[in-house]
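Numbering (numbering that gives the first Met the number 0), first residue to last: 0 to 327. C-beta atoms are modelled at their ideal positions from N, C-alpha and C, and glycine is treated no differently. The block underneath contains the structure these notes are about, expressed in structure tokens.
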Amino acid sequence: MPEYKTQNSNQEEGAYPYHAHIEPTTLCNLKCRSCNNEGLASQRRGHLTPANLRKLIEGNRFLTDVSLIGLGESLLNPEIAGMALYLKEEGIRARTCTNGMNLHKIDLEKLLGGIDELVISFDANEKSLFQRLRRGADFEKIVKNIKMAVEIKRAGNLSVTLSFQTVISKENIDTLAYIPPFARELGMDKMRFSAAVQYNPDYKSASINEDYRKIRKRIQSVQAPLRDDKLEIRLRDQLKSICGKNGLEFSFSGSSPRFRECWWPGKGIFITYDGFVTPCCMRMDPTVFNFGNLFENPFDEIKRGELFKSFMDSFKNNLCPDICKECP
0 MPEYKTQNSN
10 QEEGAYPYHA
20 HIEPTTLCNL
30 KCRSCNNEGL
40 ASQRRGHLTP
50 ANLRKLIEGN
60 RFLTDVSLIG
70 LGESLLNPEI
80 AGMALYLKEE
90 GIRARTCTNG
100 MNLHKIDLEK
110 LLGGIDELVI
120 SFDANEKSLF
130 QRLRRGADFE
140 KIVKNIKMAV
150 EIKRAGNLSV
160 TLSFQTVISK
170 ENIDTLAYIP
180 PFARELGMDK
190 MRFSAAVQYN
200 PDYKSASINE
210 DYRKIRKRIQ
220 SVQAPLRDDK
230 LEIRLRDQLK
240 SICGKNGLEF
250 SFSGSSPRFR
260 ECWWPGKGIF
270 ITYDGFVTPC
280 CMRMDPTVFN
290 FGNLFENPFD
300 EIKRGELFKS
310 FMDSFKNNLC
320 PDICKECP
């Protein structure tokens, strides 16, 4: 097991975040019904470079936990395995997420040896529904790739956790119970369930183009009706029980407002591939909202800025910032 960095007292007091989602890319090879990547402006397309990842880590030594996750398909960044290994060498816990289509095209052994968790998006165990939700996906290829990942983990006695990320929508809510047994059959370790939500609010109308508005409507059309707290709790408990019976770890992120329970403020930040800092993984587009750019200003300067201070003060005063009002 690698020796990981630990949080210092400043982090425990909330002076510095210990976690960051660092975006590997904004490019994607699918057009999933619950995702707004398709509406991202062309000037927002790009990859994180190894040199820039190094700058981010060396300039922000308070980070002890990093998710190489963003608006795109992480494995489309050709340097993803090397960047994961770099984080491990720096003593930083790391994970990444993928739609599974390109697992056979990368150095998967190197990737699995460098991260603590590989999260694979998997919304249905039935081919036609899966491919309807994840437009452009090849169900059989993805399952084959998953089996390959499991084989590599077992052969190398690797400690990486292999997880399924299942987005709960109107179209798959009645089939969710079938996914954990399928995950166990494939050799997965964990199930992550989350409700389909808007990842960027219509916060600054002028910055949202017409294509993006259409995509917002599409996402709204598949959002599962989980605003009923009792229904949500019942679904969560049922899925937790099924996962337990199948020997799988479990997590659940629902659709109920999470303002007062949100852990991100003071503990986590989202960093785009080109250095912009946004509040969290639900508010990833810097053209909608950002605190500043780490390639232009150090974090100490950004957190002293009016936008960041106002954002943090809102939480301290139990007030929900405008950018958070549509979350989740």
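Buried versus exposed, by CB contacts within 10 Å (16 or more), residue i
{"i": "residue 90", "result": "exposed"}
{"i": "residue 93", "result": "buried"}
{"i": "residue 154", "result": "exposed"}
{"i": "residue 5", "result": "exposed"}
{"i": "residue 66", "result": "buried"}
{"i": "residue 310", "result": "buried"}
{"i": "residue 19", "result": "buried"}
{"i": "residue 278", "result": "buried"}
{"i": "residue 290", "result": "buried"}
{"i": "residue 262", "result": "exposed"}
{"i": "residue 303", "result": "exposed"}
{"i": "residue 14", "result": "exposed"}
{"i": "residue 133", "result": "buried"}
{"i": "residue 284", "result": "buried"}
{"i": "residue 170", "result": "buried"}
{"i": "residue 231", "result": "buried"}
{"i": "residue 136", "result": "buried"}
Close beta carbons around residue i, own chain, < 8 Å, minus the five adjacent residues each side
{"i": "residue 319", "result": "258 and 313"}
{"i": "residue 176", "result": "237, 238 and 241"}
{"i": "residue 97", "result": "72, 73, 74, 117, 118, 119 and 120"}
{"i": "residue 190", "result": "162, 163, 165, 178, 179, 182, 238, 242, 247, 248, 249 and 250"}
Cutoff 6 Å; reference residue i; Cβ partners in own chain excluding five residues on either side
{"i": "residue 333", "result": "One cannot answer for residue 333 here, as it falls past the ends of the chain, which runs 0 to 327."}
{"i": "residue 298", "result": "59"}
{"i": "residue 294", "result": "274"}
{"i": "residue 79", "result": "23 and 73"}
{"i": "residue 364", "result": "Coverage of the chain is limited to positions 0 through 327, which leaves residue 364 absent and any answer about it impossible."}
Alpha-carbon to alpha-carbon, residue j and residue i
{"i": "residue 212", "j": "residue 70", "result": "Annotation note: pLDDT 47 at residue 212 (below 50); position unreliable, coordinate value reported separately. If you take the alpha carbons of residue 212 and residue 70, they lie about 17 Å apart."}
{"i": "residue 50", "j": "residue 292", "result": "16 Å"}
{"i": "residue 266", "j": "residue 276", "result": "13 Å"}
{"i": "residue 151", "j": "residue 273", "result": "32 Å"}
{"i": "residue 149", "j": "residue 75", "result": "21 Å"}
{"i": "residue 180", "j": "residue 64", "result": "30 Å"}
{"i": "residue 122", "j": "residue 245", "result": "18 Å"}
{"i": "residue 77", "j": "residue 322", "result": "33 Å"}
{"i": "residue 25", "j": "residue 45", "result": "6 Å"}
{"i": "residue 173", "j": "residue 31", "result": "19 Å"}
{"i": "residue 147", "j": "residue 157", "result": "14 Å"}
{"i": "residue 192", "j": "residue 21", "result": "21 Å"}
{"i": "residue 125", "j": "residue 315", "result": "45 Å"}
{"i": "residue 324", "j": "residue 255", "result": "12 Å"}
{"i": "residue 57", "j": "residue 81", "result": "16 Å"}
{"i": "residue 27", "j": "residue 235", "result": "30 Å"}
{"i": "residue 187", "j": "residue 99", "result": "13 Å"}
{"i": "residue 68", "j": "residue 109", "result": "18 Å"}
DSSP-derived helix/strand/coil call for residue i
{"i": "residue 319", "result": "coil"}
{"i": "residue 120", "result": "strand"}
{"i": "residue 136", "result": "coil"}
{"i": "residue 131", "result": "helix"}
{"i": "residue 187", "result": "coil"}
{"i": "residue 62", "result": "coil"}
{"i": "residue 310", "result": "helix"}
{"i": "residue 290", "result": "coil"}
{"i": "residue 15", "result": "coil"}
{"i": "residue 324", "result": "coil"}
{"i": "residue 44", "result": "coil"}
{"i": "residue 53", "result": "helix"}
{"i": "residue 145", "result": "helix"}
{"i": "residue 4", "result": "coil"}
{"i": "residue 182", "result": "helix"}
Residue i beta carbon near the ligand FAD (any heavy atom closer than 6 Å)
{"i": "residue 261", "result": "This structure does not include the ligand FAD; it has no bound ligands of any sort."}
Residues near residue i in its chain [Cβ-Cβ closer than 7 Å; skip 5 each side]
{"i": "residue 2", "result": "90"}
{"i": "residue 330", "result": "Nothing in the structure corresponds to residue 330, since the chain is present only between 0 and 327."}
{"i": "residue 114", "result": "83, 93, 94, 95 and 159"}
{"i": "residue 129", "result": "122, 123, 136 and 138"}
{"i": "residue 268", "result": "16, 19 and 276"}
Any chain C beta carbon closer than 7 Å to residue i
{"i": "residue 304", "result": "Chain labels in this structure do not include chain C; a single protein chain is all it has."}
Margin query: In chain order, what are the residue ranges of uninterrupted beta strand (DSSP E) at least 3 long that sit wholly in the stretch 225-271?
Written below: Correct list: 248-252 and 267-270.
Notebook entry, point to check: In chain order, which continuous runs of the beta strand (DSSP E) of length 3 or greater are located wholly inside the stretch 151-179?
Noted result: Annotation: the stretch 151-179 contains the following complete segments of the beta strand (DSSP E) (minimum length 3 residues), in chain order: 160-167.
Margin query: Going residue by residue through the stretch 73-102, where are the continuous beta strand (DSSP E) segments of at least 3 residues, counting only ones entirely within it?
Written below: Within the stretch 73-102, the complete beta strand (DSSP E) runs of at least 3 residues fall at 92-97.
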